[in-house]
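This report concerns only the one structure given below.
Number of protein chains: 2
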Amino acid sequence: MYHLIKNQGRARRGEIITPHGTIQTPAFMNVATCGAIKGAVSALDLKELRCQVQLCNTYHLHLRPGDENVKKLGGLHEFTRWDGPILTDSGGFQVFSLAKLRNIKEEGVTFASHIDGHRIFMGPEESMTIQSNLGSTIAMAFDECIENPAEYDYTKRSCDRTYRWLCRCKNKMRELNSLETTINKKQMLFGINQGSTYDDLRIEHMKRIRELDLDGYAVGGLAVGESAEEMYHILDVVGEHMPEDKPRYLMGVGTPVNILEAVYRGIDMFDCVMPTRNARHANVFTWSGRRNMNNEKYSLDTEPLDNECDCPVCRNFTRAYIRHLFKSGEMLAMRLCVMHNVYFYNTLLMRIREALDEDRYEQFYLHYRDILDKRI
Amino acid sequence: MYHLIKNQGRARRGEIITPHGTIQTPAFMNVATCGAIKGAVSALDLKELRCQVQLCNTYHLHLRPGDENVKKLGGLHEFTRWDGPILTDSGGFQVFSLAKLRNIKEEGVTFASHIDGHRIFMGPEESMTIQSNLGSTIAMAFDECIENPAEYDYTKRSCDRTYRWLCRCKNKMRELNSLETTINKKQMLFGINQGSTYDDLRIEHMKRIRELDLDGYAVGGLAVGESAEEMYHILDVVGEHMPEDKPRYLMGVGTPVNILEAVYRGIDMFDCVMPTRNARHANVFTWSGRRNMNNEKYSLDTEPLDNECDCPVCRNFTRAYIRHLFKSGEMLAMRLCVMHNVYFYNTLLMRIREALDEDRYEQFYLHYRDILDKRI
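As you go down the protein sequences, you meet chains B and U in turn. The numbering of the first sequence is my numbering, which starts it at 5 and goes up by one. The numbering of the second sequence is my numbering, which starts it at 5 and goes up by one.
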């Protein structure tokens, strides 16, 4: 259940009450694709990193270790030992981006596993069943995620099908939540708005899916090739038609500035691999901009990654040590930078919430908009 | 300073008082080659893993980031953030095992860096200077580590040279410890017994080096090709001639059973890459024997790695989850197994000390000797 605490302009301060705890929004969700955050970070580390929500990938877990095995092992909470809210995506995005030899029909999609090539069928019912087996807090609807730019006619037909798939998801989820053997009988379902960069298709699709009265609504199909300005424009256009009393999730976004801009436009939830992926390539986020820790200039630098940060890494280690670890190929380099970046993202959202609480989000947004994506 | 608390047979329970804290012996030293334990484990994790001593490699740190840089950064304690005792090896073992195109003369060894091939000279004075720059608690003498089997005549000449090198190490260390700019002016120096598998050469060398009244004595040149029985025999033979009032360190050893056997023969200190290297290959040590976590039989196993273990990993994660992480190529798999194995080794030594304290080491040794190296 979503509770809107207050607005500042279109920006929203709220909370989502779930069976696994309350999520303070705006919130960042930390990506743990295969049930672990990449970079040797475990559920034991997450509380200290201000994580509120862990996001796991349905497609990956279906292939390995298999969602039925995860169910036998007690579900994702038991398996990963994270006891807070977990969101699972629908598998759709990976089916359309990672898997090979796709074949899309009304029933669903047949595709070849990226691991061993074996043929798999996934439709709305299969995606709901897998997510029910995983026992996540929030399940995402199975949709077609099309690349930008896309043809208008194809996008329109795809939106229609994605709407029909959503109706099937809702029915299947209701059925699964009523079964005795289901791990989380209160699993929530979010619908996903599609429509590429076509205003009319986006609006029409949003109007139709809001009628289904789901637990939340995501904006999907963005950050897949279009410009940041196009993305912000879609948020402006779609935002007006999203229900006020449901959480709004912008999928797969983004840089710190993308997040500032999207919160400004009313988004409540985010997820992105950027903090972890960048960290593994020695790129760290700071309150003064981004640093590349491979840079020679850090070789004798005894400052922490970020002077303004109080994460466990910045409280203990120097830039010189972390640069040395990267140069020596030590895994610890990645772990330390992943921890820092995850903390940075979760703290960014915490500071956004504090600014909203204190009615100064506009100033916060204007101040950091010109700083956070800068390379220093 | 070494304090012998008690004996049980030849086994010794003692403590080594150092400027960075007291080491309870017998002790295992945890290998942090480049200043970090491989497997994404940091100094912040070590206390929880019952680590007493961190061991860093002189050769690696001399090449990268450079010992003079480490000195500028405040020494290894400041650099790695480990505030307990640190032992540095002399670089000798790596010069003789890793480096290419060696040329040994009375002055020292010229060799090519394994990183970029550039020519480097290292002799006793250079090794002491590097270790002084690193600021470790205990420095090891620069010696020639010869492979087994070795020719008698070569071994004899090598032992003579290693003795002359040791005298030069002692003089150089005294000089370095008296300098104003030295980080650790109380740096301790351990000598290293050599002599391959020749009893007479081992004994003669030990008798000569004990006269130098160093802070401790290591048995080197073992676990480099000879059988376990030959190693134990050398410990029997040399042990008689090692001073009672100095710590005894068996370098680079070994399996849990090797350690039980060596403690039985009076050894106080150990180091080995086995707990970390094995962990990275999914091999874990338990109180019932060794497991390979890639094994299919663990895929639905909800037990911890070791039912008898209370490490942070065993208190939280299942075999099924850890196997899944290995299969998915997640770094976290390595971190969790390294943490477990490091804890296991440090706990093994703790339990050895408890058994000695309670005069039941013989029973402890006889019980676990047949169990710990077994594959289960």
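Even for Gly, the Cβ is constructed at its ideal location relative to N, Cα and C.
Self-check item: Neighbour list for residue 24 of chain U in chain B, Cβ cutoff strictly below 8 Å
Solution: To locate residue 24 of chain U, count along the second sequence from 1; it is residue 20. Those do not exist, as residue 24 of chain U stays about 17 Å from chain B at its closest Cβ, beyond 8 Å.
Quiz item: With contact counted as at least three CB pairs below 8 Å, one residue from each stretch, are the stretch 163–181 of chain U and the stretch 192–206 of chain U in contact?
Solution: In this structure the stretch 163–181 of chain U lies against the stretch 192–206 of chain U, because at least three pairs of beta carbons, one per stretch, are closer than 8 Å.
Quiz item: Are three or more beta carbon pairs between the stretch 323–330 of chain U and the stretch 359–372 of chain U nearer than 8 Å?
Solution: Below 8 Å, too few C-beta pairs join the stretch 323–330 of chain U and the stretch 359–372 of chain U to call them touching: fewer than three.
Quiz item: From residue 67 of chain B to residue 117 of chain B, what does the alpha carbon distance come to, in whole angstroms?
Solution: Translated into positions along the first sequence, residue 67 of chain B becomes position 63. Translated into positions along the first sequence, residue 117 of chain B becomes position 113. Between the alpha carbons of residue 67 of chain B and residue 117 of chain B lies a gap of roughly 7 Å.
Quiz item: Between which two residues does the alpha helix (DSSP H) carrying residue 157 of chain U extend?
Solution: Within the second sequence, residue 157 of chain U is the residue found at index 153, counting from 1. Following the DSSP letters along the chain, one finds residue 157 of chain U inside the alpha helix (DSSP H) bounded by residues 156–181.
Practice problem: Mind checking which residues open and close the beta strand (DSSP E) that includes residue 194 of chain U? | Solution: Indexing the second sequence from 1 puts residue 194 of chain U at position 190. Residue 194 of chain U: member of the beta strand (DSSP E) spanning 192–197, first to last residue.
Self-check item: Cβ-Cβ distance between residue 259 of chain B and residue 230 of chain B below 7 Å
Solution: The residue labelled residue 259 of chain B in the question sits at position 255 within the first sequence. The residue labelled residue 230 of chain B in the question sits at position 226 within the first sequence. At a Cβ-Cβ threshold of 7 Å, residue 259 of chain B and residue 230 of chain B do not count as neighbours.
Practice problem: Just mark residue 5 of chain B as buried or exposed, buried being the case when its beta carbon has 16 or more other beta carbons within 10 Å. | Solution: Looking up residue 5 of chain B in the first sequence gives position 1. Looking at its Cβ environment, which holds fewer than 16 other Cβ atoms inside 10 Å, residue 5 of chain B is exposed.
Self-check item: Residues of its chain near residue 224 of chain B, where Cβ-Cβ distance is below 7 Å and the 5 sequence neighbours each way are ignored
Solution: The residue given as residue 224 of chain B occupies position 220 in the first sequence. Apart from the 5 residues on each side of it in sequence, residue 224 of chain B sits with its Cβ closer than 7 Å to the Cβ of 147, 149, 196, 197, 198, 255 in its chain, given in chain order.
Self-check item: Contained beta strand (DSSP E) runs [length at least 3] in the stretch 212–258 of chain B, N- to C-terminal order
Solution: Fully enclosed beta strand (DSSP E) runs of 3 or longer: 220–223, 252–254.
Quiz item: Between B:89, B:77, B:124, B:79, which lies nearest to residue 100 of chain B when the distance is taken from Cα to Cα?
Solution: Locating residue 100 of chain B in the first sequence gives position 96, counting from the first residue. For the residues B:89, B:77, B:124, B:79, the minimum Cα distance to residue 100 of chain B belongs to B:124.
Self-check item: Cut-off 6 Å between Cβ atoms - residues of its own chain near residue 37 of chain U, not counting five sequence neighbours on either side
Solution: For the purposes of this step, residue 37 of chain U is taken as the residue at position 33 of the second sequence. Beyond the five residues adjoining it in sequence on each side, residue 37 of chain U comes within less than 6 Å, by CB distance, of 61, 64 in the same chain, given in chain order.
Quiz item: Under a three-way DSSP split, which group does residue 381 of chain U fall into?
Solution: Residue 381 of chain U lies beyond the residue range present for chain U, which begins at 5 and ends at 380; the question has no answer from this structure.
Quiz prompt | Helix, strand or coil at residue 184 of chain B [DSSP, three-state] | solution = As a first step, residue 184 of chain B is located in the first sequence; it is residue number 180 there, counting from the start. When DSSP states are grouped into helix, strand and coil, residue 184 of chain B belongs to the coil group.
Quiz item: Of all the CB atoms in chain U, is at least one closer than 7 Å to the CB of residue 335 of chain B?
Solution: Residue numbering aside, residue 335 of chain B sits at position 331 when the first sequence is read from its first letter. Yes, because at least one Cβ of chain U sits closer than 7 Å to the Cβ of residue 335 of chain B.
Practice problem: Taking only the alpha-carbon atoms, compute the straight-line gap between residue 273 of chain B and residue 250 of chain B and give it to the nearest angstrom. | Solution: Looking up residue 273 of chain B in the first sequence gives position 269. Looking up residue 250 of chain B in the first sequence gives position 246. Roughly 11 Å between the two C-alpha positions.
Exercise. Measuring only between beta-carbons, confirm whether residue 83 of chain U sits less than 7 Å from chain B.
Key: In the second sequence, counting from the first residue as 1, residue 83 of chain U sits at position 79. Residue 83 of chain U counts as touching chain B.
Practice problem: Could you tell me the distance, in whole angstroms, from the CA atom of residue 398 of chain B to the CA atom of residue 203 of chain B? | Solution: Lying outside 5 to 380, the shown extent of chain B, residue 398 of chain B is not represented and no answer is given.
Quiz prompt | Residue of U:186, U:24, U:7, U:83 minimising C-alpha distance to residue 304 of chain B | solution = In the first sequence, the residue the question calls residue 304 of chain B occupies position 300. Considering only alpha carbons, the answer is U:83.
Quiz item: To which residues of the same chain is residue 56 of chain U closer than 6 Å at the C-beta, ignoring the five residues directly before and after it?
Solution: In the second sequence, counting from the first residue as 1, residue 56 of chain U sits at position 52. Closer than 6 Å at Cβ, skipping near neighbours: 27, 31.
Practice problem: Measure the Cβ-Cβ separation of residue 346 of chain B and residue 34 of chain B and say whether it is below 7 Å. | Solution: Numbered from its first residue, the first sequence carries residue 346 of chain B at position 342. Numbered from its first residue, the first sequence carries residue 34 of chain B at position 30. Note that the C-beta distance between residue 346 of chain B and residue 34 of chain B is below 7 Å.
Exercise. Return the CA-CA distance between residue 283 of chain B and residue 312 of chain B, expressed in angstroms with no decimal places.
Key: Mapped onto the first sequence, residue 283 of chain B falls at position 279. Mapped onto the first sequence, residue 312 of chain B falls at position 308. Their Cα atoms are separated by approximately 18 Å.
Quiz item: chain U partners of residue 306 of chain B, CB-CB under 7 Å?
Solution: Stepping through the first sequence from its first residue, residue 306 of chain B is reached at position 302. The answer, in chain order, is 77.
Exercise. Specify whether the stretch 84–91 of chain B and the stretch 43–58 of chain B touch according to this definition: at least 3 beta carbon pairs, one from each stretch, less than 8 Å apart.
Key: Taking 8 Å as the limit for Cβ pairs, the verdict is that the stretch 43–58 of chain B does touch the stretch 84–91 of chain B.
Quiz item: Which of the three DSSP states, helix, strand or coil, is assigned to residue 28 of chain B?
Solution: The residue given as residue 28 of chain B occupies position 24 in the first sequence. Taken through DSSP and simplified to helix, strand or coil, residue 28 of chain B comes out as strand.
Quiz item: What is the rounded straight-line gap between the Cα of residue 72 of chain B and the Cα of residue 133 of chain B?
Solution: Residue 72 of chain B sits at position 68 when you count from the first residue of the first sequence. Residue 133 of chain B sits at position 129 when you count from the first residue of the first sequence. If you take the alpha carbons of residue 72 of chain B and residue 133 of chain B, they lie about 10 Å apart.
Quiz item: Does any CB atom of chain U fall closer than 7 Å to the CB of residue 162 of chain B?
Solution: The count along the first sequence starts at 1 and reaches residue 162 of chain B at position 158. Taking Cβ atoms only, chain U never reaches closer than 7 Å to residue 162 of chain B, which makes this a no.
Practice problem: Report all residues from its chain with a CB closer than 6 Å to the CB of residue 338 of chain U; omit the five preceding and five following residues, and keep chain order. | Solution: Counting from one through the second sequence, the residue named residue 338 of chain U turns up at place 334. Closer than 6 Å at Cβ, skipping near neighbours: 43, 284.
Quiz item: Near residue 331 of chain U, what residues of its chain come up, given a Cβ to Cβ distance below 8 Å and the 5 sequence neighbours on each side ignored?
Solution: For this step, residue 331 of chain U is matched to residue 327 along the second sequence. Non-local C-beta neighbours of residue 331 of chain U in its own chain, meaning closer than 8 Å and more than five positions away in sequence, comprise 298, ordered along the chain.
Self-check item: residue 156 of chain U versus residue 315 of chain B: straight-line alpha-carbon distance, rounded
Solution: Position 152 of the second sequence, counted from the first residue, corresponds to residue 156 of chain U. Position 311 of the first sequence, counted from the first residue, corresponds to residue 315 of chain B. Going by the C-alpha atoms only, they are around 58 Å apart.
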